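Each residue of the sequence shown is one higher than the last, beginning at 1 in the UniProt record's numbering.
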Amino acid sequence: MISSFSGIFLLLGLKVYIEDDITLRYYLFMNAAQKKTLSVIFSDPVNGNMNWAKIESLFMAVGCRKIEGKGSSVTFEKNGFRAYFHRPHPAKESLKYRVKEARRFLKLLGVKP
1 MISSFSGIFL LLGLKVYIED DITLRYYLFM NAAQKKTLSV IFSDPVNGNM
51 NWAKIESLFM AVGCRKIEGK GSSVTFEKNG FRAYFHRPHP AKESLKYRVK
101 EARRFLKLLG VKP
């Protein structure tokens, strides 16, 4: 069955092979760097050397609201789901557990590469 959102692209003569409307909507509003970040987050083995700012940018692209906490604490919220993180410091790279938690939160939101 062709969804209504995918049907727009078929009318334009473009072939779109994305599983559902949710993923397609996110892909429309992501730039190339955010799409690459999404694919790296879902790759195995988990990359423990990813820049935290790229993960934050991806969360914002999928429509999350950023809530700044005290110190390095930050919360991302969308559709009643929340993910709590502490920004890495003094280094800017996320460790594997942060990338795994970002993956879990994106899956919960229905975002896939």
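Built from N, CA and C at the ideal position, the CB exists for glycine as well.
The structure presented is a predicted model; accordingly, all values stated were derived computationally and were not measured.
Quick test of your reading: residue i and residue j, contact by CB under 8 angstroms. State the CB separation rounded to the nearest angstrom.
i    : j   : result
V111 : V46 : That belief does not hold up - the Cβ atoms of V111 and V46 are roughly 17 angstroms apart, past 8 angstroms.
Does the beta-carbon of residue i have 16 or more other beta-carbons within 10 angstroms, so that it is buried, or is it exposed?
i    : result
G33  : It is Ala, not Gly, that sits at residue 33 in the sequence shown. Burial call: exposed.
S94  : buried
I41  : buried
I67  : exposed
A91  : exposed
F81  : exposed
L58  : buried
F29  : exposed
L106 : buried
To which residues does DSSP link residue i through a beta bridge?
i   : result
V74 : E68, F85
M50 : S94
Going by DSSP in three states, residue i sits in which element: helix, strand or coil?
i           : result
K15         : Summary for K15: the model assigns pLDDT 44, below 50, so the residue's position carries little reliability, and this model does not support an answer.
S94         : strand
K112        : coil
M30         : coil
residue 151 : Outside the modelled stretch of the chain, which goes from 1 to 113, sits residue 151, for which no answer is possible.
S39         : helix
Output yes or no for whether 7 angstroms exceeds the beta carbon distance between residue i and residue j.
i    : j   : result
K54  : T37 : yes
L108 : K78 : no
S73  : H86 : yes
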